[in-house]
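Asker: Sharing a structure below in structure tokens format, with a few things to ask.
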Amino acid sequence: MDALQGSLAAGQTVALLGPSGAGKSTLINRLADSELAKTDCSHSSEPGCAVLAAVEEGRLDPDRLGSYRKLQAEAAYERRRVDPQARADYVAEWKTAMRTVKHHPKYKRQG
Numbered sequence: 002m003d004a005l006q007g008s009l010a011a012g013q014t015v016a017l018l019g020p021s022g023a024g025k026s027t028l029i030n031r032l033a034d035s036e037l038a039k040t041d042c043s044h045s046s047e048p049g050c051a052v053l054a055a056v057e058e059g060r061l062d063p064d065r066l067g068s069y070r071k072l073q074a075e076a077a078y079e080r081r082r083v084d085p086q087a088r089a090d091y092v093a094e095w096k097t098a099m100r101t102v103k104h105h106p107k108y109k110r111q112g
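Numbering-wise, the sequence shown is residues 2 to 112 according to our numbering.
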């Protein structure tokens, strides 16, 4: 991001090209440090996801989607490592999930 930001200047026009789900909107949002462009879904279970449909139809190699998910996980880990707020948000989500599981009848210990 630093290298890319360093190569941009006010008044320049920049074009981002790539297929759906490549991360163009995410990149715009990161560069602007704001949610300017609506991002593509997480490609996991959202209805109408073109990426999941492409995998199911054999137009996209499932390994490519797996690589994308791995990169997303690595990026999230790096964010949590350097950003205290991202880390706190993750911990709060984790605690909520564990409390939910703890009180779910399926996971309660049988007395």
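Just so you know, even glycine gets a beta-carbon here, dropped at the ideal spot from N, CA and C.
#1: Distance check for M2 and V83, CA to CA, integer angstroms please.
#2: Would you check if there are 3 or more beta carbon pairs closer than 8 Å linking the segment 3–19 to the segment 29–42?
#3: Grouping DSSP H, G and I as helix and E and B as strand, with all else coil, what is Q6?
#4: For E36 and G24, I'd like the C-alpha separation in whole angstroms.
#5: If you check the beta carbons only, do A87 and R81 fall under 8 Å apart?
Answerer: On the basis of the supplied data:
#1: If you take the alpha carbons of V83 and M2, they lie about 15 Å apart.
#2: yes
#3: helix
#4: 13 Å
#5: yes
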